[in-house]
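Engineer: Provided herewith is a single structure, encoded as structure tokens, for subsequent inquiry.
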Amino acid sequence: MKLKSLLFVCCFGLLTSAFADNHHFHPQANKAEANAAAAKPTDKAKLPGYCEIEIINSSFDDVRVYGVFDDGTTLNPFSIYSYEAPHYIDLFYYGYCHAGMNLWIDTYSGYRVYAGYTYTNSTVRIVPYLKQTKVEITSK
């Protein structure tokens, strides 16, 4: 009986982490006008990974991600724990895909891992390097 309970708790824990909120959007992307503009034929051209920035934390440190979109709107900061599933920032708002955004990635100890303009369809991979973390940027 104890083994069944432990197995149930482990499976439940894995399912909750698998369905965690890892897609982040521009605040205007959820409004009715933005949704109406996104319903045009350009929306049908969206593929998985289209117009997104992917952030993968493959390091041993937990990080916090901050950002500013092209129009000056701030991204709601979020955390990415070590070896968590990839997070995606959607840059499709106001009816079209934007070129990129400014990103800042800090560890919880205050070390700035990355600060810079990140283009659409890029992957930001946080990796361990010489007892610290570093960032590798690749384009899709």
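According to mature numbering (1 follows the signal peptide of the UniProt record, and there is no 0), the sequence shown holds residues -20 to -1, 1 to 120 in order. Just so you know, even glycine gets a beta-carbon here, dropped at the ideal spot from N, CA and C.
1. Could you tell me which of THR87, TYR63, VAL45 sits nearest to LEU55, measuring between CA atoms?
2. Is it buried or exposed for TYR97, if we count other Cβ within 10 angstroms and need 16 for buried?
3. Report all residues from its chain with a CB closer than 6 Å to the CB of THR118; omit the five preceding and five following residues, and keep chain order.
4. Using alpha carbons as the reference points, say which of TYR30, HIS4, ASP1 lies closest to TYR76.
5. Check each candidate in MET81, ALA79, ALA95, TYR88 and name the one with the smallest Cα separation from SER39.
6. Can you tell which of LYS120, ILE85, ARG92 has the C-alpha that lies nearest to the C-alpha of VAL48?
7. Looking only at its own chain, which residues have a Cβ that is under 8 Å from the Cβ of VAL115, when we skip the five neighbours before and after it?
8. What three-state label does DSSP hand PRO7 in the structure shown?
9. Just the C-alpha distance for SER62 and ASP51, rounded to the nearest angstrom, thanks.
10. Starting from the Cα of GLY90, find the closest Cα among ASP1, PRO7, ILE33, VAL43 and give me that residue.
Structural biologist: Short version:
1. Distances from the alpha-carbon of LEU55 to those of THR87, TYR63, VAL45 put VAL45 closest.
2. By the neighbour-count definition (other C-beta atoms within 10 Å, threshold 16), TYR97 is an exposed residue.
3. Cβ neighbours of THR118 beyond the five flanking positions: THR103.
4. TYR76 has its Cα closest to that of TYR30, out of TYR30, HIS4, ASP1.
5. The residue with the shortest Cα to Cα distance from SER39 is TYR88.
6. Of all alpha-carbon atoms in LYS120, ILE85, ARG92, the one lying nearest the alpha-carbon of VAL48 is that of ILE85.
7. Here the set comprises ILE85, VAL93, TYR94, VAL104, ARG105, ILE106, VAL107.
8. The DSSP-derived three-state label of PRO7 is helix.
9. Their Cα atoms are separated by approximately 31 Å.
10. Nearest option by C-alpha distance: VAL43.
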